[in-house]
Amino acid sequence: MSDQTVIPHFIGSVDKGGGERLPSVLKAFSGPERRSVDSYERELAQYRFMEIRLRDALAESGARLRQQDELIRKQELLSRESDHRLMNDLQMTISLLSLQSRSAQTAEAAAQLPSRPIAFP
Numbered sequence: 000m001s002d003q004t005v006i007p008h009f010i011g012s013v014d015k016g017g018g019e020r021l022p023s024v025l026k027a028f029s030g031p032e033r034r035s036v037d038s039y040e041r042e043l044a045q046y047r048f049m050e051i052r053l054r055d056a057l058a059e060s061g062a063r064l065r066q067q068d069e070l071i072r073k074q075e076l077l078s079r080e081s082d083h084r085l086m087n088d089l090q091m092t093i094s095l096l097s098l099q100s101r102s103a104q105t106a107e108a109a110a111q112l113p114s115r116p117i118a119f120p
């Protein structure tokens, strides 16, 4: 029985020399580039190790991005709260000045103070 009858037709064969034919799947094991199974296992182990490192780096990067997004959201919230408090303080100051202008003794003092509250957006 020849190699051609055992090997499926889509694999084909390669001439080894001297008329002997090898399946093309075994081409890597013939000639000067012959590699052992151990070398393939080492290469596969290296690729698996590299894959693990890349997956870890990707997970770490994703975690950092989520952490940065959370910090940005907190910063925006604090900024809005700070703006709100500042507006409240300004409105309070204006209201106090308005009250002071109503109770001013002289017309000159009352003219320098606002007579009605100023609205902020």
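Following numbering that gives the first Met the number 0, the numbering of the sequence shown begins with 0 at its first residue and continues without gaps.
All residues carry an ideal CB built from backbone N, CA and C; glycine is no exception.
Just so you know, these numbers come straight off a predicted model, no measurement behind them.
* Rounded C-alpha distance that separates A58 from M86 -> Looking at the backbone, the Cα of A58 and that of M86 are separated by about 42 Å.
* Asked: Distance, Cα to Cα, Y39 vs I71?
  -> When the Cα atoms are used, Y39 and I71 turn out to be separated by approximately 48 Å.
* **R33 - DSSP class collapsed to helix/strand/coil** => It is coil, neither helix nor strand.
* At 3 residues or longer, and completely inside the region 45 to 116: list those beta strand (DSSP E) runs for me, N to C. => Positions of the beta strand (DSSP E) runs, each at least 3 residues long and wholly inside the region 45 to 116, cannot be given because no such run exists.
* Secondary structure at Y39, three-state DSSP: helix, strand or coil? -> The three-state secondary structure of Y39, taken from DSSP, is helix.
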